[in-house]
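In our numbering, the protein residues as written are 9 to 135. For glycine and all other residues, C-beta sits at the position ideal for the given N, C-alpha and C.
Here it is, written out as structure tokens:
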């Protein structure tokens with residue numbers, strides 16, 4: 009499996025959706041394992057994921073994560089599009105988990121954890 013991931017990385021751009029989906033799935037798995045107390049297994053996944061990340065570029069996405077997504081959520085709510093607002097919230101949750109688990113993001117883990125908790129609460133209350 010690792011050979012497949014390495015082959016994908018050789019053939020696609022880091023920002024490609026395919027790699028983001030793989031990266032985020034690994035980070036979500038790492039979070040679940042960490043929350044289950046399987047810290048070693050979680051850390052092994054994060055070590056693997058971080059081989060393909062470029063923390064020096066994280067600063068470029070902070071405004072998108074902290075402002076643009078929220079603007080998109082609000083504009084969809086203003087347009088009475090709860091489904092699209094939910095999609096943006098799910099994306100923000102996915103990004104927050106990926107950044108929290110992989111580390112080295114310019115936003116603290118405490119703030120990311122707070123964001124994750126807030127989004128989980130909002131999303132679980134939706135009908």
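- Here DSSP, grouped into helix, strand and coil, assigns residue 60 to coil.
- Contact between residue 110 and residue 35 is confirmed by a C-beta separation of about 6 Å, below the 8 Å threshold.
- The Cβ atoms of residue 57 and residue 114 lie no closer than 8 Å to each other.
- For residue 110, the enclosing alpha helix (DSSP H) starts and ends at 90 to 110.
- Of the residues 122, 123, 116 and 130, the one whose Cα lies closest to the Cα of residue 67 is 116.
- DSSP places residue 128 inside the alpha helix (DSSP H), whose first and last residues are 117 to 133.
- Counted as a single uninterrupted DSSP element, the alpha helix (DSSP H) harbouring residue 81 occupies residues 77 to 86.
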